[in-house]
Amino acid sequence: MQIREEMTTITDRGAAGERSMPVSSFKRTILITGSTDGIGKQTATDLAAHPDNRVIIHGRSEEKCESTRDQIVKETGNPTNVDYIAADLSVMKEVAHFADKVKSRFPELNVLLCNAGVLNPRRAETVDGLEMTFQVNYLSHFILCNRLVDVLERNNHGRIVVVGSVLHSWTALDWSDVMAKKDYEKYLVYSRSKLCLHLMAFALHRRMNIARRNVAVNVVELGKEREPNNNGKMRTTSALSSSMSTLSMCRAAGNLVQLIENPAFETLSGKYLDSMGKQISRQLRPLLQQNSPSRIIFVSSICYDWYPLDFSDLQATNYGDAYLQYSRSKLMNHMTAFRLAREKSDGVTVNVLEPGVCETKLLKRGGYSGGPVKDGSVAPVHLVMSEEVKNITGGYFNNRGKRITSLSADSTDVKQQDRLWTMSEEICSKFGITF
Numbered sequence: 001m002q003i004r005e006e007m008t009t010i011t012d013r014g015a016a017g018e019r020s021m022p023v024s025s026f027k028r029t030i031l032i033t034g035s036t037d038g039i040g041k042q043t044a045t046d047l048a049a050h051p052d053n054r055v056i057i058h059g060r061s062e063e064k065c066e067s068t069r070d071q072i073v074k075e076t077g078n079p080t081n082v083d084y085i086a087a088d089l090s091v092m093k094e095v096a097h098f099a100d101k102v103k104s105r106f107p108e109l110n111v112l113l114c115n116a117g118v119l120n121p122r123r124a125e126t127v128d129g130l131e132m133t134f135q136v137n138y139l140s141h142f143i144l145c146n147r148l149v150d151v152l153e154r155n156n157h158g159r160i161v162v163v164g165s166v167l168h169s170w171t172a173l174d175w176s177d178v179m180a181k182k183d184y185e186k187y188l189v190y191s192r193s194k195l196c197l198h199l200m201a202f203a204l205h206r207r208m209n210i211a212r213r214n215v216a217v218n219v220v221e222l223g224k225e226r227e228p229n230n231n232g233k234m235r236t237t238s239a240l241s242s243s244m245s246t247l248s249m250c251r252a253a254g255n256l257v258q259l260i261e262n263p264a265f266e267t268l269s270g271k272y273l274d275s276m277g278k279q280i281s282r283q284l285r286p287l288l289q290q291n292s293p294s295r296i297i298f299v300s301s302i303c304y305d306w307y308p309l310d311f312s313d314l315q316a317t318n319y320g321d322a323y324l325q326y327s328r329s330k331l332m333n334h335m336t337a338f339r340l341a342r343e344k345s346d347g348v349t350v351n352v353l354e355p356g357v358c359e360t361k362l363l364k365r366g367g368y369s370g371g372p373v374k375d376g377s378v379a380p381v382h383l384v385m386s387e388e389v390k391n392i393t394g395g396y397f398n399n400r401g402k403r404i405t406s407l408s409a410d411s412t413d414v415k416q417q418d419r420l421w422t423m424s425e426e427i428c429s430k431f432g433i434t435f
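Under the UniProt record's numbering, the residues of the sequence shown are numbered 1 to 435, in order.
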């Protein structure tokens, strides 16, 4: 299957129509996936309030993107620094075309905030035949990072910030059932998707170090969350250090802004940070590298470590719970981010962040409640804008922008990171997507 350039389902008119705003007028150009709702929207709003920032909104529909853009412009009073591109992350061809649009329209991109995610109560497959949580939460960001990293590296202070989650350590990946066909539980799947994000961020960090590429990659945990018990209620566990319900969405967004804007974070890479920026612990890739120093940021979840990957069932055909595959998709995000962080440096950083438990549509679909959505944007904004994290890559940050040093064994397992990376490349290759 080939990626065709004549696709018309992706729209990108933005605030200035087809016109491009002057590159020189913005200090940062920031792409935030999943920014028409929740933490992503609040983070976009806070970042757009700074005239030095150019914010690129992403959502599935043009209508929602336009509405979000209008709301942000009304709130910030800045009508010229907000654009958007609409694309469905559950369709691989759209993700690839999405990356191409970003490279074409925003060659000055220097911050990628991987925030988008889903939490499905029941197992579902995408039009590509892959398990939904795995593809949206993890694989779509794997594609974006690889396609945008070169432009991030080419521009100043390139960063990749992954919104992670303390849940990424709740379970190991089940390499025999990555698609969750055998056993599907929504939080299990969600946790593993966050673990995948962690693995990806640290793998990317490692790759950048090896290649001496200048993009910082870090993971941010935006807040403490609670583990659901068998009664469907939330119970605090000793393994989880906090609860997002105690924080506000505004605080979370503010911390993300700090992580993105603070100079101290520009060269920090390969780290797991809390929302305050303290370490807890690919075809977009060429674009990121060209615009180094650049950043790749993965939005993860505290449930990324709930379940190990099942490589024999990556499509979750034998699972019936949404959180199982959601968890695994986040675990895969972790794995990929960390592998990227291992392989790249000198201009492109790759990190993962965890936004915390917020009252988003995703959480409501899981039958739970959380804190204000505004709390979830603190860590993403911090990782995108903070100078303090510009040199950090391969990090995992909590909802306050604080780096987390205690990571799950699965997310930091180099062999699993490499296995997931190879598998992801093979899947993409089947759909005509190469790096």
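Glycine residues also receive a C-beta, built at the ideal position from the N, C-alpha and C atoms. All figures in this text were calculated on a predicted structure; none of them were measured in a lab.
Using a 10 Å radius around the Cβ and a threshold of 16 neighbouring Cβ atoms, would you call residue 242 buried or exposed? Position 242 of the sequence shown holds residue 242. Here the model assigns residue 242 a pLDDT of 33, short of 50, so the residue's position is not dependable and the matter cannot be decided.
Can you give the beta carbon distance from residue 139 to residue 130, rounded, assuming they're within the 8 Å contact cut? The residue you call residue 139 lines up with position 139 of the sequence shown. The residue you call residue 130 lines up with position 130 of the sequence shown. The beta-carbon separation of residue 139 and residue 130, rounded to 7 Å, stays under the 8 Å limit for a contact.
Indicate whether residue 440 and residue 204 have their beta-carbon atoms separated by less than 8 Å. The question about residue 440 has no answer here: the residues shown for the chain are numbered 1 through 435.
Okay, do the segment 378 to 398 and the segment 146 to 164 touch, 3+ Cβ pairs below 8 Å being the bar? Contact between the segment 378 to 398 and the segment 146 to 164 is present: 3 or more CB-CB pairs across the two stretches fall below 8 Å.
Tell whether a beta-carbon distance below 8 Å holds between residue 300 and residue 330. Taking the sequence shown and counting its residues from 1, the one referred to as residue 300 is at position 300. Taking the sequence shown and counting its residues from 1, the one referred to as residue 330 is at position 330. Note that the C-beta distance between residue 300 and residue 330 is below 8 Å.
Have a look at residue 377 and residue 427 and give me their C-alpha separation to the nearest angstrom. Along the sequence shown, one-based indexing puts residue 377 at 377. Along the sequence shown, one-based indexing puts residue 427 at 427. The alpha-carbon of residue 377 is positioned some 31 Å away from that of residue 427.
Kindly indicate the opening and closing residues of the alpha helix (DSSP H) around residue 50. Reading the sequence shown from its first residue, position 50 is the one you call residue 50. Looking at the DSSP string, residue 50 is not in any alpha helix (DSSP H), and its letter there is neither H nor E.
Going straight from the alpha carbon of residue 49 to that of residue 26, what length do you get? What you label residue 49 is simply residue 49 of the sequence shown in a count that begins at 1. What you label residue 26 is simply residue 26 of the sequence shown in a count that begins at 1. The alpha-carbon of residue 49 is positioned some 13 Å away from that of residue 26.
Measuring CB to CB, does residue 133 end up less than 8 Å from residue 193? Here residue 133 refers to the residue found at position 133 of the sequence shown. Here residue 193 refers to the residue found at position 193 of the sequence shown. Contact flag set, yes.
Counting C-beta neighbours from all protein chains within 10 Å, is the total for residue 122 16 or more, i.e. buried, or is it exposed? Reading the sequence shown from its first residue, position 122 is the one you call residue 122. Residue burial is scored here from C-beta neighbours: residue 122 has fewer than 16 other C-beta atoms within 10 angstroms and is therefore classed as exposed.
Where DSSP assigns a beta bridge to residue 221, which residues make up the other side? Taking the first residue of the sequence shown as 1, we reach residue 221 at position 221. When beta bridges are read from the DSSP output, residue 221 appears opposite 398.
Candidates 197, 306, 357 and 335: which alpha carbon is nearest residue 321's? Position 321 of the sequence shown, counted from the first residue, corresponds to residue 321. Nearest of 197, 306, 357 and 335 to residue 321, Cα basis: 306.
Residue 220 and residue 148 - do their beta-carbons sit closer together than 8 Å? Counting from one through the sequence shown, the residue named residue 148 turns up at place 148. Counting from one through the sequence shown, the residue named residue 220 turns up at place 220. Residue 220 is positioned such that its CB atom lies no closer than 8 Å to that of residue 148.
In the structure shown, what three-state DSSP assignment does residue 393 receive? Sequence index remark: in the sequence shown, residue 393 carries index 393 (1-based). The three-state secondary structure of residue 393, taken from DSSP, is strand.
Distance cut-off 7 Å: residue 413 Cβ against heavy atoms of the ligand NAD: Ligands are entirely absent from the displayed structure, and the ligand NAD is therefore not among its contents.
Under three-state DSSP, which class holds residue 184? What you label residue 184 is simply residue 184 of the sequence shown in a count that begins at 1. In the three-state reduction of the DSSP assignment, residue 184 falls in the coil class.
Cβ-Cβ separation, residue 386 to residue 218 (assumed contact under 8 Å), whole Å: Taking the first residue of the sequence shown as 1, we reach residue 218 at position 218. Taking the first residue of the sequence shown as 1, we reach residue 386 at position 386. No, residue 218 and residue 386 are not in contact; Cβ-Cβ is about 10 Å, not under 8 Å.
Residue environment, residue 165, which counts as buried when at least 16 other CB atoms sit within 10 Å: Position 165 of the sequence shown, counted from the first residue, corresponds to residue 165. It counts as buried.
Tell me the rounded alpha-carbon separation between residue 318 and residue 53. Here residue 318 is taken as the residue at index 318 of the sequence shown, counted from 1. Here residue 53 is taken as the residue at index 53 of the sequence shown, counted from 1. Answer to the nearest angstrom: the Cα atoms are 45 Å apart.
For residue 119 and residue 180, I'd like the C-alpha separation in whole angstroms. Indexing the sequence shown from 1 puts residue 119 at position 119. Indexing the sequence shown from 1 puts residue 180 at position 180. Rounded to whole angstroms, residue 119 and residue 180 show a C-alpha spacing of 14 Å.
Provide the residue span of the alpha helix (DSSP H) that contains residue 296, from first to last. On the sequence shown, residue 296 is found 296 positions in, with the first residue counted as 1. Counted as a single uninterrupted DSSP element, the stretch harbouring residue 296 is not any alpha helix (DSSP H) but the beta strand (DSSP E) occupying residues 294 to 299.
Reduced DSSP secondary structure (H/G/I, E/B, other) of residue 209: Taking the first residue of the sequence shown as position 1, residue 209 is located at position 209. DSSP places residue 209 within a helical segment (H, G or I) once states are collapsed to three.
Residue 65: which of 87, 195 and 78 sits nearest, CA to CA? Numbered from its first residue, the sequence shown carries residue 65 at position 65. 87 is the residue among 87, 195 and 78 whose C-alpha sits nearest the C-alpha of residue 65.
Indicate whether the contact test is met: 3 or more Cβ pairs, each with one atom in the segment 30 to 39 and one in the segment 111 to 118, closer than 8 Å. Counting C-beta pairs closer than 8 Å gives three or more between the segment 30 to 39 and the segment 111 to 118, which meets the contact rule.
Residues sharing a beta bridge with residue 176, DSSP: Stepping through the sequence shown from its first residue, residue 176 is reached at position 176. Beta-bridge partners assigned by DSSP to residue 176: 310 and 311.
Same chain, Cβ closer than 6 Å to residue 314, five either side skipped, listed in chain order: As a first step, residue 314 must be located in the sequence shown, where it is residue number 314. Cβ-Cβ distances below 6 Å link residue 314 to 178 and 179 in the same chain, with the five nearest sequence neighbours on each side left out; the list follows chain order.
For residue 70, count neighbouring Cβ atoms within 10 angstroms of its own Cβ and tell me buried if that reaches 16, exposed if not. Counting from 1 along the sequence shown, the entry for residue 70 is found at position 70. Within a 10 Å sphere around the beta-carbon of residue 70 sit fewer than 16 other beta-carbons, which makes this residue exposed.
Residue 302: which of 266, 340, 146 and 354 sits nearest, CA to CA? What you label residue 302 is simply residue 302 of the sequence shown in a count that begins at 1. Checked all of 266, 340, 146 and 354; the closest Cα to residue 302 is 354.
First through last residue of the alpha helix (DSSP H) which encompasses residue 70: Sequence index remark: in the sequence shown, residue 70 carries index 70 (1-based). Where residue 70 is concerned, the enclosing alpha helix (DSSP H) stretches over 62 to 76.
Counted within 10 angstroms of its Cβ, other Cβ atoms place residue 169 as buried (16 or more) or exposed: Working through the sequence shown from its first residue, we reach residue 169 at position 169. Counting Cβ neighbours within 10 Å, residue 169 comes out buried, since at least 16 surround it.
How long is the line joining the alpha carbons of residue 51 and residue 57, rounded to whole angstroms? Counting from 1 along the sequence shown, the entry for residue 51 is found at position 51. Counting from 1 along the sequence shown, the entry for residue 57 is found at position 57. Those two C-alpha atoms are separated by around 16 Å.
Over the uninterrupted beta strand (DSSP E) stretch that includes residue 91, give me the two end residues. Here residue 91 is taken as the residue at index 91 of the sequence shown, counted from 1. First-last for residue 91: undefined, no H or E at that position.
Any idea what DSSP makes of residue 202, helix, strand or coil? Your numbering for residue 202 matches position 202 in the sequence shown. DSSP, reduced to helix, strand and coil, places residue 202 within a helical segment of the structure shown.
Taking the alpha-carbon positions, what's the residue 356 to residue 79 distance? Within the sequence shown, the letter at position 356 stands for residue 356. Within the sequence shown, the letter at position 79 stands for residue 79. Approximately 30 Å, taken between the alpha carbons.
For residue 146, report the span of its alpha helix (DSSP H) as first-last. The residue you call residue 146 lines up with position 146 of the sequence shown. Residues 140 to 154.
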